[in-house]
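K.L.:
In the UniProt record's numbering, the protein residues as written are 1 to 433.
All residues carry an ideal CB built from backbone N, CA and C; glycine is no exception.
Note that the structure is a prediction, hence the values are computed from the model and not measured.
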C-alpha cells in the first residue's frame, strides 16, 4: 500500500491516559490507553464511541477521511460491547478501528471509491482481516477513504489533517488522515476479502498512533509466532544500523535528505554503529520488475470490471486490462524469477544488522489533492515481501511530518517493532518536529 507522509506518532510510552478520561479528550487516547481505561472500567465503550462521533462531526467535513460512518450503528455496537460479560471480551475490546474501503465488511458497504460500486450493499461476510478484529472485540467505526481500488495515484477529496491544502498521501488516504504504518511480511495477514490489485504485492498493513498500538495489533494477528530464537532486546547503543539509499535516491527531496542526515547524526551520537550499504546491482531492477508484475496481475484483477462496467472504470485501469503497458509472458517470468532470487539475498543482507533505515517518501506530502505522491521508495521492499515500519520525527518546509522507514528481513516483524520503539522515541525527542 503506497504511502507518502502521514500524521502519526510512534513514540514509546503512552502520553498519559489519566489526563484523557475527560469525555472531551477521549478521542485523543491511543489504542493501548483506551483499552486500559475500558478494562479498568474508568470509561465505557459508549463513552469512547460518543467522543469519536463528536470528533467526526467536528472534523470530517473538512478532512473527508471517511467513506462510510454511521453514528447510530457505532453507538449500538458500543452498547453491545459494554453489555458483554468480562469473560467474553477479546484482546481489542472497545478499541476503535477504521477499515480501508477496499476490505469487505458485513455490516457496511464496500465501494472502493468506484462508480461501479456506488450502490453497493453490505457483504455476506467480513474480509478475513476484519473478522479477526471483530472477533477480538474491536469497535469497527466505518470505512476510510481510498483512491479508486487503491490502484491510482490520482487523489480523492480526502485532505491532510495538518494542512487541508495537501494530500494525506498514498492510496490509504482516509486511513492516513483519520490518524495521522506498519507493513507486515507479505502473507502474514490474510488478503481474503480485500479488493485485489496484485497478488504478489498486495499486503494488509496498519496505521496507528503509537508503536505500542502496533504491537497490540501484531499480537492479535499472531505476527509474533514461531520465533526461534526470540527477537533480541534492542538498544541503540552498540546497535548495527544500515542506511540504504537505494537506486532512486536522486528523487529524494530536501526534506527527506535533511531527515536522513539528522537521523544519522542522532543515532551516531547515541552510540549506534552506522554503515552505509549499497545494494548489489540486481536490486536496481526491482522497480521495473514490480511495475511489470503489477501491470500483468492487475490485468486479470480488473478484467471482470472492465467487461461488465468499462465506462465506470478509470481510464488508467482500463489501460491495464487492454495491456497498454505491454508486459509480455517473457517479461512476467523474468520479473517473477528475478525478485524470487533477490528475496533470500535481502534476508541475508538485512540479517547482518539490527535494523535497516531507508527513505519513506520523496518528501513531505505534496500540495494539492489530485496527486497522492510517489511510492518510489517503497517499491523495492513491497516486491521483496519485507516488513517495513515508518517512523516519524522530522519535518519539511511546510512543517508537515517526514519519517524514515525501518526495514527487516522477511518474518523479522517483531524485531522491527522493537527497533522502531527505540528509534521512534529518539526521533520524536530530537528530530525537531
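Taking 8 angstroms as the cut-off, does the region 390-398 touch the region 283-298 (at least 3 CB pairs, one atom from each stretch)?
P.N.:
These segments do not touch.
K.L.:
So what does residue 154 bridge to, in DSSP terms?
P.N.:
Looking up residue 154 in the chain shown gives position 154. According to DSSP, residue 154 bridges with 371.
K.L.:
In the DSSP assignment, the beta strand (DSSP E) including residue 43 goes from what residue to what residue?
P.N.:
For this step, residue 43 is matched to residue 43 along the chain shown. Taken as a continuous stretch (DSSP letters only), residue 43 belongs to no beta strand (DSSP E), as it is neither H nor E.
K.L.:
Below 8 angstroms, can you find three or more Cβ-Cβ pairs linking the region 83-90 to the region 128-138?
P.N.:
Yes, they touch.
K.L.:
Pick from 330, 300, 333, 335: whose alpha carbon is nearest that of residue 318?
P.N.:
Mapped onto the chain shown, residue 318 falls at position 318. With distances taken between Cα atoms, residue 318 lies closest to 300.
K.L.:
Please give the ranges of any alpha helix (DSSP H) in the region 321-357, keeping only runs that are unbroken, at least 4 residues long and fully inside the region.
P.N.:
Counting whole runs of 4 or more residues, the region 321-357 contains the alpha helix (DSSP H) stretches 329-350.
K.L.:
What are the residues that DSSP puts in a beta bridge with residue 240?
P.N.:
As a position in the chain shown, residue 240 is number 240, starting the count at 1. In the DSSP output, where bridge partners are listed per residue, residue 240 has 273.
K.L.:
Identify the continuous beta strand (DSSP E) that holds residue 407 and give its terminal residues.
P.N.:
Numbered from its first residue, the chain shown carries residue 407 at position 407. Where residue 407 is concerned, the enclosing beta strand (DSSP E) stretches over 401-407.
K.L.:
Does the contact criterion of 3 or more C-beta pairs under 8 angstroms hold for the region 302-312 versus the region 350-357?
P.N.:
The region 302-312 vs the region 350-357: no contact.
K.L.:
Which full runs of the alpha helix (DSSP H) of 4+ residues lie inside the region 70-107, going along the chain?
P.N.:
Runs found: 71-83.
K.L.:
Residue 114 and residue 149 - do their beta-carbons sit closer together than 8 angstroms?
P.N.:
To locate residue 149, count along the chain shown from 1; it is residue 149. To locate residue 114, count along the chain shown from 1; it is residue 114. Yes, Cβ-Cβ distance for residue 149 and residue 114 is below 8 angstroms.
K.L.:
For chain C, is any of its Cβ atoms less than 8 angstroms away from the one on residue 417?
P.N.:
Looking at the structure shown, chain C is missing, and only one protein chain is on hand.
K.L.:
Residue 215 by DSSP, collapsed to three states: which one?
P.N.:
Taking the chain shown and counting its residues from 1, one reaches residue 215 at position 215. Here residue 215 sits in helix by DSSP.
K.L.:
Under the rule that 16 or more other beta-carbon atoms within 10 Å means buried, what is residue 242, buried or exposed?
P.N.:
In the chain shown, counting from the first residue as 1, residue 242 sits at position 242. Classification for residue 242: buried.
K.L.:
Can the beta-carbon of residue 199 be found closer than 8 angstroms to that of residue 410?
P.N.:
Translated into positions along the chain shown, residue 199 becomes position 199. Translated into positions along the chain shown, residue 410 becomes position 410. Not closer than 8 angstroms, so no.
K.L.:
Quick check on the burial criterion: 16 or more other C-beta atoms within 10 angstroms. Buried or exposed for residue 265?
P.N.:
By one-based count along the chain shown, residue 265 stands at place 265. That one is exposed.
K.L.:
Here's the rule I'm using: 16 or more other beta-carbon atoms within 10 Å means buried, otherwise exposed. How should residue 5 be labelled?
P.N.:
Looking up residue 5 in the chain shown gives position 5. Caution is warranted here: a pLDDT of 35 is assigned to residue 5, below 50, making its placement in the model unreliable, and no coordinate value can be reported.
K.L.:
On a Cα-Cα basis, can you pick out the residue from 189, 215, 273, 280 that is closest to residue 246?
P.N.:
Within the chain shown, residue 246 is the residue found at index 246, counting from 1. Considering only alpha carbons, the answer is 280.
K.L.:
Do you know offhand how far residue 406's Cα is from residue 37's?
P.N.:
For the purposes of this step, residue 406 is taken as residue 406 along the chain shown, with counting starting at 1. For the purposes of this step, residue 37 is taken as residue 37 along the chain shown, with counting starting at 1. If you take the alpha carbons of residue 406 and residue 37, they lie about 31 angstroms apart.
K.L.:
Here's the rule: buried if 16 or more other CB atoms are within 10 angstroms of the residue's CB, otherwise exposed. What is residue 173?
P.N.:
Locating residue 173 in the chain shown gives position 173, where the first residue counts as 1. Confidence in residue 173 is poor, its pLDDT being 45 and thus under 50, which makes the residue's placement too unreliable to answer from.
K.L.:
Beta carbon of residue 234, beta carbon of residue 419: below 8 angstroms?
P.N.:
Numbered from its first residue, the chain shown carries residue 234 at position 234. Numbered from its first residue, the chain shown carries residue 419 at position 419. Against a cut-off of 8 angstroms, the Cβ pair of residue 419 and residue 234 comes out as a contact.
K.L.:
Measuring CB to CB, does residue 35 end up less than 8 angstroms from residue 51?
P.N.:
Start at 1 with the first residue of the chain shown, and residue 35 comes out as number 35. Start at 1 with the first residue of the chain shown, and residue 51 comes out as number 51. No, these two residues do not count as a Cβ contact at 8 angstroms.
K.L.:
Where does residue 397 sit, in a helix, a strand or coil, going by DSSP?
P.N.:
Counting from one through the chain shown, the residue named residue 397 turns up at place 397. If DSSP states are grouped into helix, strand and coil, residue 397 belongs with coil.
K.L.:
How would you label residue 303, buried or exposed, when you count the other beta carbons within 10 angstroms and need 16 or more for buried?
P.N.:
If you number the chain shown from 1, residue 303 lands on position 303. Its Cβ having fewer than 16 others within 10 Å, residue 303 is exposed.
K.L.:
Between residue 417 and the rest of its own chain, which residues show a CB-CB distance below 8 angstroms, the 5 nearest in sequence each way excluded?
P.N.:
Residue 417 sits at position 417 when you count from the first residue of the chain shown. Taken in chain order, the residues that qualify are 182, 211, 214, 215, 218, 389.
K.L.:
Going by DSSP, name the residue or residues bridged to residue 163.
P.N.:
Sequence index remark: in the chain shown, residue 163 carries index 163 (1-based). Residue 163 is bridged to 160.
K.L.:
Return the CA-CA distance between residue 364 and residue 334, expressed in angstroms with no decimal places.
P.N.:
Stepping through the chain shown from its first residue, residue 364 is reached at position 364. Stepping through the chain shown from its first residue, residue 334 is reached at position 334. Between residue 364 and residue 334, the C-alpha separation is close to 34 angstroms.
K.L.:
With contact counted as at least three CB pairs below 8 angstroms, one residue from each stretch, are the region 111-128 and the region 72-79 in contact?
P.N.:
Touching, no, given that fewer than three Cβ pairs across the two stretches are closer than 8 angstroms.
K.L.:
Who pairs with residue 183 in a beta bridge, going by DSSP?
P.N.:
Locating residue 183 in the chain shown gives position 183, counting from the first residue. According to DSSP, which records beta bridges pairwise, residue 183 is partnered with 388.
K.L.:
Identify the continuous alpha helix (DSSP H) that holds residue 420 and give its terminal residues.
P.N.:
For this step, residue 420 is matched to residue 420 along the chain shown. That run of the alpha helix (DSSP H) goes 413-430.
K.L.:
Can you give me the start and stop residues for the beta strand (DSSP E) that residue 203 sits inside?
P.N.:
To locate residue 203, count along the chain shown from 1; it is residue 203. That residue, residue 203, is in no beta strand (DSSP E); it is neither H nor E in DSSP.
K.L.:
By how many angstroms is the C-alpha of residue 207 removed from the C-alpha of residue 158?
P.N.:
Taking the chain shown and counting its residues from 1, one reaches residue 158 at position 158. Taking the chain shown and counting its residues from 1, one reaches residue 207 at position 207. Approximately 16 angstroms, taken between the alpha carbons.
K.L.:
Taking just the CA atoms, how far does residue 346 sit from residue 384?
P.N.:
On the chain shown, residue 384 is found 384 positions in, with the first residue counted as 1. On the chain shown, residue 346 is found 346 positions in, with the first residue counted as 1. Cα-Cα distance, rounded: 8 angstroms.
K.L.:
Round the Cβ separation of residue 237 and residue 271 to the nearest angstrom and send it over; I've been treating them as touching at under 8 angstroms.
P.N.:
Taking the first residue of the chain shown as 1, we reach residue 237 at position 237. Taking the first residue of the chain shown as 1, we reach residue 271 at position 271. With a Cβ gap of about 3 angstroms, residue 237 and residue 271 count as contacting.
K.L.:
Which whole-angstrom value is the C-beta distance of residue 67 and residue 298, which I expect to be below 8 angstroms?
P.N.:
Translated into the one-based positions of the chain shown, residue 67 becomes position 67. Translated into the one-based positions of the chain shown, residue 298 becomes position 298. Not really, about 22 angstroms apart at Cβ, beyond 8 angstroms.
K.L.:
Can you tell me which of 143, 30, 60 puts its alpha carbon nearest to the alpha carbon of residue 94?
P.N.:
Here residue 94 refers to the residue found at position 94 of the chain shown. Measuring from the Cα of residue 94, the nearest candidate turns out to be 30.
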